[in-house]
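Asker: Line by line, the protein sequences are chains A and B.
Heads up: the first sequence begins at 198 in our numbering, then just goes up one per residue.
Heads up: the second sequence begins at 198 in our numbering, then just goes up one per residue.
Glycine included, C-beta positions come from ideal geometry on N, C-alpha and C.
Just dropping this structure here.
Number of protein chains: 2
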Amino acid sequence: MNIGEASKLSGLPAKTIRYYEDTGLIAPPARAENGYRDYSDTDVHKLRFVRHSRGLGFSVDECSQLLSLYEDKGRQSGDVKAIAQKHLTEIEEKIRELQELRSTLDHLVNTCHGDGRPDCPILEGIADPASI
Amino acid sequence: MNIGEASKLSGLPAKTIRYYEDTGLIAPPARAENGYRDYSDTDVHKLRFVRHSRGLGFSVDECSQLLSLYEDKGRQSGDVKAIAQKHLTEIEEKIRELQELRSTLDHLVNTCHGDGRPDCPILEGIADPASI
DNA sequence: CTTGCCCTTCCAGCAACTGGAAGCTTATAT
DNA sequence: ATATAAGCTTCCAGTTGCTGGAAGGGCAAG
Numbered sequence: 198m199n200i201g202e203a204s205k206l207s208g209l210p211a212k213t214i215r216y217y218e219d220t221g222l223i224a225p226p227a228r229a230e231n232g233y234r235d236y237s238d239t240d241v242h243k244l245r246f247v248r249h250s251r252g253l254g255f256s257v258d259e260c261s262q263l264l265s266l267y268e269d270k271g272r273q274s275g276d277v278k279a280i281a282q283k284h285l286t287e288i289e290e291k292i293r294e295l296q297e298l299r300s301t302l303d304h305l306v307n308t309c310h311g312d313g314r315p316d317c318p319i320l321e322g323i324a325d326p327a328s329i
Numbered sequence: 198m199n200i201g202e203a204s205k206l207s208g209l210p211a212k213t214i215r216y217y218e219d220t221g222l223i224a225p226p227a228r229a230e231n232g233y234r235d236y237s238d239t240d241v242h243k244l245r246f247v248r249h250s251r252g253l254g255f256s257v258d259e260c261s262q263l264l265s266l267y268e269d270k271g272r273q274s275g276d277v278k279a280i281a282q283k284h285l286t287e288i289e290e291k292i293r294e295l296q297e298l299r300s301t302l303d304h305l306v307n308t309c310h311g312d313g314r315p316d317c318p319i320l321e322g323i324a325d326p327a328s329i
């Protein structure tokens, strides 16, 4: 099938599929006689795999590793788990950071009248965070 | 003072300060006779303001708006609050997304033995999310 | 036969820096 | 005085993960 069809079935934009091919994340597919990329069902399956792992927030590099492991029937699940665990830890860290930001911002937003007057605790809080 | 000193006092890398100048976030400082950038205390104050607002996760563009408002003594606090509120909402949305990812990943990681055997619920979950 | 859509490649740009090269000036050490 | 090191200048390239657009070829329908 052409890239348009593979795009529909995988849920990835055609642009993105070509990009993944360029950067080596996915192997180049077969080519039809007219030069068009020709995707198999297996190719589409892998594209979907990549879309899902990207959707879980894995970096393209991590997706590449996960895809290799997926294709390696002699894999060790410990290797997969290590990647996922590391990613999970990073996500948890990110959540903590964002919650801190939310807390600070929420406080600032709530103390600002937000009207036509110029005095603004938000700006003061940014200028001098120690004052919060 | 030279950029190195301004960097120390503001907490921003010299590279970043030059970058902010290039992109118009901060006004170009005075220049000494030797061509070196020459920062005033006021300049440093603004650099700190930018560092803090970046630290709160505002985009450079939003920082630019906030800095303008900070310098505008006739500002309306409602304008500031609108920017901060929008950002807060985005952060809350981001937190929700990450919590979803965390939930899914946590489940996957916990169901994987993570040993030398090849069967791996993480890979299966990525390949077929409907199965989770 | 032309219109329109799909495909191809390549180049540029987004955010927000960061690193490095090449070439000044200034400060320090001998 | 001189050699070296540190700090400054500019400019260009790379990072991540795409996305948009230009220029051109393929192919089916009207």
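(1) Please report the straight-line C-alpha distance between R174 (chain B) and I200 (chain B), rounded to a whole angstrom.
(2) I'd like the list of long-range same chain contacts for A211 (chain B), defined as Cβ closer than 7 Å, with 5 residues on each side in sequence excluded.
(3) Three Cβ pairs or more, each shorter than 8 Å: is that satisfied between the segment 212-225 of chain B and the segment 253-263 of chain B?
(4) Compute the Euclidean distance between the alpha carbons of H242 (chain A) and Q282 (chain B), then round it to the nearest angstrom.
(5) Could you confirm whether any beta carbon from chain B is found closer than 8 Å to the beta carbon of T173 (chain A)?
(6) On the CB-based measure, 16 or more other CB atoms within 10 Å of its CB, does G271 (chain B) come out buried or exposed?
(7) Which residue's Cα is closest to the Cα of H304 (chain B): A:D269, A:P326, A:H310 and A:K278?
(8) To the nearest angstrom, how far is the alpha carbon of P315 (chain A) from that of S274 (chain B)?
(9) Tell me where the alpha helix (DSSP H) around P318 (chain B) begins and ends.
(10) Determine the direct distance from the alpha carbon of I223 (chain A) to that of Y267 (chain B), and round the result to whole angstroms.
(11) Which first and last residues belong to the alpha helix (DSSP H) in which A229 (chain B) is found?
(12) Any beta carbon of chain A sitting closer than 8 Å to that of Y217 (chain B)?
(13) Provide the residue(s) that pair with D219 (chain A) in DSSP beta bridges, ordered along the chain.
(14) Residues bridged to D235 (chain A) by DSSP?
(15) If you measure between the beta carbons of I320 (chain A) and I288 (chain B), is that distance less than 8 Å?
(16) For G311 (chain B), count the other beta carbons within 10 Å of its own beta carbon; 16 or more makes it buried, fewer makes it exposed. Which is it?
(17) Is the Cβ-Cβ distance between G208 (chain A) and R251 (chain A) less than 8 Å?
(18) Counting only beta-carbon atoms, is Q273 (chain B) nearer than 8 Å to chain A?
(19) Label D240 (chain A) either buried or exposed according to how many other C-beta atoms from any shown protein chain fall within 10 Å of its C-beta, with 16 as the threshold for buried.
(20) Suppose you measure from the CA of N307 (chain B) to the CA of P226 (chain A); what does that come to, to the nearest Å?
(21) Suppose you measure from the CA of D276 (chain A) to the CA of S256 (chain B); what does that come to, to the nearest Å?
(22) Would you mind sorting G221 (chain B) into buried or exposed? The rule is 16 or more other CB atoms within 10 Å of its CB.
(23) What residues in the segment 290-314 of chain A bring their beta carbon closer than 9 Å to a beta carbon of chain B?
(24) What does a CB cutoff of less than 8 Å around S328 (chain A) pick up in its chain, not counting 5 residues either side in sequence?
(25) Let's test the definition: count the other Cβ atoms within 10 Å of the Cβ of R248 (chain B) and tell me whether it reaches 16, buried, or not, exposed.
(26) For G254 (chain A), go through chain B and note every residue whose CB falls closer than 7 Å to its CB, in chain order.
(27) Of all Cβ atoms in chain B, is any one closer than 8 Å to the Cβ of K278 (chain A)?
Answerer: Per the coordinate set shown:
(1) This structure cannot settle anything about residue 174 (chain B), because the visible part of chain B is limited to 198 through 329.
(2) For the purposes of this step, residue 211 (chain B) is taken as the residue at position 14 of the second sequence. Sequence-distant Cβ neighbours of A211 (chain B) in its own chain, meaning closer than 7 Å and more than five residues away, are I200, G201 and S204.
(3) At 8 Å Cβ cutoff, the stretches touch.
(4) Along the first sequence, one-based indexing puts residue 242 (chain A) at 45. Along the second sequence, one-based indexing puts residue 282 (chain B) at 85. Whole-angstrom Cα-Cα distance: 42 Å.
(5) Given that chain A is displayed from residue 198 to residue 329, the structure contains no residue 173 (chain A) and the question cannot be resolved.
(6) Locating residue 271 (chain B) in the second sequence gives position 74, where the first residue counts as 1. By the beta-carbon neighbour count (other beta carbons within 10 angstroms, threshold 16), G271 (chain B) is exposed.
(7) Here the question's residue 304 (chain B) lines up with position 107 in the second sequence. Closest by alpha carbon: A:K278.
(8) As a first step, residue 315 (chain A) must be located in the first sequence, where it is residue number 118. As a first step, residue 274 (chain B) must be located in the second sequence, where it is residue number 77. Rounded to whole angstroms, P315 (chain A) to S274 (chain B) spans 5 Å at the Cα level.
(9) Translated into positions along the second sequence, residue 318 (chain B) becomes position 121. P318 (chain B): member of the alpha helix (DSSP H) spanning P318 to A324, first to last residue.
(10) Mapped onto the second sequence, residue 267 (chain B) falls at position 70. Mapped onto the first sequence, residue 223 (chain A) falls at position 26. If I take the Cα positions, the gap works out to 49 Å.
(11) Sequence index remark: in the second sequence, residue 229 (chain B) carries index 32 (1-based). In the DSSP assignment, A229 (chain B) falls outside any alpha helix (DSSP H), carrying neither H nor E.
(12) As a first step, residue 217 (chain B) must be located in the second sequence, where it is residue number 20. Chain A, which has no Cβ nearer than 8 Å to the Cβ of Y217 (chain B), makes this no.
(13) For this step, residue 219 (chain A) is matched to residue 22 along the first sequence. None, per the DSSP bridge assignment.
(14) Numbered from 1 along the first sequence, position 38 holds the residue referred to as residue 235 (chain A). DSSP, once it has assigned bridges, lists A:A227 as partnering D235 (chain A).
(15) Here residue 320 (chain A) refers to the residue found at position 123 when the first sequence is read from its first residue. Here residue 288 (chain B) refers to the residue found at position 91 when the second sequence is read from its first residue. Residue identity differs from the one stated: residue 320 (chain A) is Leu in this sequence, not Ile. Between L320 (chain A) and I288 (chain B), the gap from beta carbon to beta carbon reaches 8 Å or more.
(16) As a position in the second sequence, residue 311 (chain B) is number 114, starting the count at 1. Classification for G311 (chain B): buried.
(17) Residue numbering aside, residue 208 (chain A) sits at position 11 when the first sequence is read from its first letter. Residue numbering aside, residue 251 (chain A) sits at position 54 when the first sequence is read from its first letter. Inclusion of G208 (chain A) and R251 (chain A) in the CB contact set at 8 Å is not warranted, their separation being larger than that value.
(18) Counting from 1 along the second sequence, the entry for residue 273 (chain B) is found at position 76. Judged by the 8 Å Cβ criterion, Q273 (chain B) is in contact with chain A.
(19) Position 43 of the first sequence, counted from the start, is the residue given in the question as residue 240 (chain A). Buried is the call here.
(20) Along the second sequence, read from residue 1 onward, the residue named residue 307 (chain B) stands at position 110. Along the first sequence, read from residue 1 onward, the residue named residue 226 (chain A) stands at position 29. In this model, N307 (chain B) and P226 (chain A) are separated by some 35 Å (Cα to Cα).
(21) As a first step, residue 276 (chain A) must be located in the first sequence, where it is residue number 79. As a first step, residue 256 (chain B) must be located in the second sequence, where it is residue number 59. So the two alpha carbons sit approximately 37 Å from each other.
(22) The count along the second sequence starts at 1 and reaches residue 221 (chain B) at position 24. Exposed is the call here.
(23) If the cut-off is 9 Å between Cβ atoms, the segment 290-314 of chain A has K291, I292, E294, L295, Q296, L298, R299, T301, L302, D303, L305, V306, C309, H310, G311, D312, G313 and R314 near chain B.
(24) The residue you call residue 328 (chain A) lines up with position 131 of the first sequence. Counting only residues of its own chain and dropping the five nearest sequence neighbours on each side, S328 (chain A) has a CB closer than 8 Å to the CB of E321 and G322.
(25) Numbered from its first residue, the second sequence carries residue 248 (chain B) at position 51. Result: buried.
(26) The residue labelled residue 254 (chain A) in the question sits at position 57 within the first sequence. What G254 (chain A) touches in chain B, judged by beta-carbon distance under 7 Å, is L298, going in chain order.
(27) The sequence position of residue 278 (chain A) within the first sequence is 81, counting from 1. Yes, K278 (chain A) counts as interfacial toward chain B.
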